[in-house]
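Asks: Numbering (our numbering), first residue to last: 74 to 465. Glycine included, each C-beta is placed from N, C-alpha and C at the ideal position.
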Amino acid sequence: MAEDKFIPYGLQDVNEEDINEVVQTLKSNWITTGPKITEFEQEFAKYIGCRNSVAVCNGTAALDLAVASLGLKKGAEIITTPFTFVATANSIIYNECAPVFADIKKDTFNIDPSQIRKRITKKTKAIIVVDYAGQPCGYDEIIEIAKKNNLYLIEDAAHSLGAEYKGKKTGNVVDLAIFSFHPVKHITTGEGGMITTNNDEFARKLRMLRNHGIDKNVLKQNSSVGTWHYDMKLLGRNYRMTDFQAALGISQMKRLDGFVRKRQQLVEIYNSELKRIPEITTPFVSNDVKHSWHLYTVLLDKEIDREKVFLRMKEKKIGVNVHYIPVYKHTYYRQKFNFSDKDFPNAEEVYSRIMTLPLFPKMSKEDVFRVVGALKEAIKEAGNKTNQESRI
Ligand SMILES: *Cc1c(COP(=O)(O)O)cnc(C)c1O
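1. Would you list the residues sitting across from Lys241 in a DSSP beta bridge?
2. Specify, as a first and last residue, the run of the beta strand (DSSP E) that Gly266 falls within.
3. Which one of Tyr343, Lys363 and His364 has the shortest CA to CA distance from Thr355?
4. Helix, strand or coil, according to DSSP, for Pro503 in the structure here?
5. Cβ-heavy atom distance between Ser164 and ligand 1 below 6 Å?
6. Taking buried to mean at least 16 other C-beta atoms within 10 Å of its own C-beta, is Thr194 buried or exposed?
7. Return the chain-ordered list of same chain residues with a C-beta closer than 8 Å to the C-beta of Arg280, the five sequence neighbours on each side being excluded.
8. Measuring CB to CB, does Ala206 end up less than 7 Å from Leu143?
9. Helix, strand or coil: how does DSSP classify Val333 here?
10. Can you give me the Cβ contacts of Asp185 inside the same chain, cut-off strictly under 8 Å, excluding the 5 residues immediately before and after it?
11. Are the CB atoms of Val173 and Arg53 within a distance shorter than 7 Å?
12. Go ahead and pull the three-state DSSP assignment for Val96.
13. Nearest-angstrom Cα distance between Ile465 and Met267?
14. Exposed or buried, which one is His302 when buried takes at least 16 other CB atoms within 10 Å?
15. Can you check the segment 366-416 for any alpha helix (DSSP H) of at least 4 residues that lies completely inside it and give the ranges in chain order?
16. At a cut-off of 6 Å, would you count Asp204 as near ligand 1, judging by its Cβ distance to the nearest heavy atom?
17. Would you report the Cα separation of Met74 and Leu373, rounded to the nearest angstrom?
18. Quick one: residues in its chain with C-beta nearer than 6 Å to the C-beta of Thr261, no 5 flanking neighbours on either side, listed in chain order?
19. Mapping the DSSP letters down to three states, classify Tyr225 as helix, strand or coil.
20. So what does Val445 bridge to, in DSSP terms?
21. For ligand 1, any of its heavy atoms closer than 6 Å to the Cβ of Ala236?
22. Determine, using beta-carbon pairs with one atom in the segment 359-370 and one in the segment 400-407, whether at least three such pairs fall under 8 Å.
23. Where does the unbroken beta strand (DSSP E) through Asn284 begin, and where does it stop?
24. Using a Cβ-Cβ cut-off of 7 Å (strictly less than) and excluding sequence neighbours within five positions of Ile216, which residues of its own chain qualify?
25. For Lys147, which option in Ala135, Phe158, Gly265 and Asn168 has the closest C-alpha, if you only look at C-alpha atoms?
26. Counting only the same chain and skipping the five closest in sequence on each side, list residues whose C-beta sits under 7 Å from that of Phe113.
27. With Glu352 as the anchor, note down where its alpha helix (DSSP H) starts and where it stops.
28. Is it true that the CB of Ala231 sits closer than 7 Å to the CB of Gly132?
29. Cβ-heavy atom distance between Thr133 and ligand 1 below 6 Å?
30. Go ahead and pull the three-state DSSP assignment for Asn125.
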């Protein structure tokens, strides 16, 4: 037992071929904003089945630009889920808009369409949804709400590369979608992100926004200016990705379907093993989606002391995690806004009971059995909350 290796909750899989592609690009004359970026964008768009892909330096930058490209006025309200990584909601604040949270569904932990409806006001201009853990949201209903109320729809698909909603790949379902290539996500470029859209006007704007808001097509439009001319039309950022990152991305894309299959295989083992533990609820999967399993999360029964289980798992060198602390609970959000925990009973309940177990393509079946064995022991060792109270 003493020599057991630590199993993290997520880990990249970078092989020799991937490394070779990066090295080749570093030896070339283009190491940023060159041919590898274009190739990565084209391969990505082909995989998703969408018209445009725009590569940026990380998923948070992708979110920031997706919101920026909508060109909303200061104070516009954007509805989103509280059960996500802080970056989703932060992108709203970067753009001087107001985040409005709508509670999640009890089964998928995705945003609840009926809660979205309740939060719509005259100021609402957009919705940002998250495909939690890799399971696409219920898009038919959400798209209908967006259409009816004239709202833009952004999909934070950071968890769901390779997933499908009714046979359509995520990233090809709504106005704009974003992806992340952080090492724990489905494919990695170290840091990296992508925005996908079928709207060419958004794509043109996004390309300007990632490069200081500079329009490079000035010459074509205005022949009276010199060849040296360029024009900054929007307040953009420098969110460019390097070509050696794109080279890694292209190589990783070839392995993506294999990564997703491996995740699914490991999940099947988790599901069949964990079904036998009465204190645990395994993930619910809706029947109109293909889940791509960024995260494998379980719910512990209310009586189980999660903190004790968590500590025991860490002692057993299992990298458990909690995804997520609802965004409105963070200090910055508490200080700046007046959200009340009581408005999000489902997020509160799930947050109090959830635990993420390790899942990544390089994990072996034996690793999964080790996690399951450790979890059984940890639950036993932690005892339940009521026993402890009576012991005091
Ligand atoms: C990872 C993640 C992001 C941000 O991606 P980075 O590439 O780390 O900036 C955004 N939203 C969600 C839901 C994520 O999981």
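Replies: According to the structure shown:
1. DSSP lists Tyr238 as partners of Lys241.
2. Here the beta strand (DSSP E) through Gly266 covers Gly266 to Thr270.
3. Cα-wise, what sits closest to Thr355 is Tyr343.
4. Lying outside 74 to 465, the shown extent of the chain, residue 503 is not represented and no answer is given.
5. No.
6. Burial check for Thr194: the Cβ neighbour count within 10 Å stays below 16, so the residue is exposed.
7. Within the same chain, Arg280 has close Cβ partners Val127.
8. No, these two residues do not count as a Cβ contact at 7 Å.
9. Three-state DSSP puts Val333 in a helix.
10. So the qualifying residues of the chain are Ala175, Asp176, Ile177, Lys178 and Asn419.
11. Residue 53 falls outside the range modelled here, since the chain spans only 74 to 465, and no answer is possible.
12. Val96: helix per DSSP, three-state reduction.
13. Because the pLDDT of Ile465 is 43, which lies under 50, any placement of that residue in the model is unreliable, and the question is left without a value.
14. Label assigned to His302: exposed.
15. With a minimum length of 4 residues, the continuous alpha helix (DSSP H) runs that stay inside the segment 366-416 are 379-388 and 404-409.
16. Incorrect: Asp204 has no Cβ contact closer than 6 Å to ligand 1.
17. Any reading at Met74 needs caution, since the residue's pLDDT is 49, under 50, leaving its predicted position unreliable; the model's value is listed next. The alpha-carbon atoms of Met74 and Leu373 are separated by roughly 25 Å.
18. Contacts found: Gln85 and Phe254.
19. DSSP places Tyr225 in strand when its eight states are reduced to three.
20. Per DSSP, Val445 has no beta bridge partner at all.
21. Answer for Ala236: no, Cβ out of range of ligand 1.
22. Flag = no, the segment 359-370 and the segment 400-407 do not touch.
23. Asn284 -> no beta strand (DSSP E), and no H or E assigned at all.
24. Around Ile216: Leu226 and Val247.
25. Considering only alpha carbons, the answer is Asn168.
26. Within the same chain, Phe113 has close Cβ partners Ala128, Ala319, Gly322 and Ile323.
27. Note, Glu352: premise wrong, no alpha helix (DSSP H); not H, not E.
28. Yes, the Cβ-Cβ distance between Gly132 and Ala231 is below 7 Å.
29. At least one heavy atom of ligand 1 lies less than 6 Å from the C-beta of Thr133.
30. For Asn125, the secondary structure class from DSSP, reduced to helix, strand or coil, is strand.
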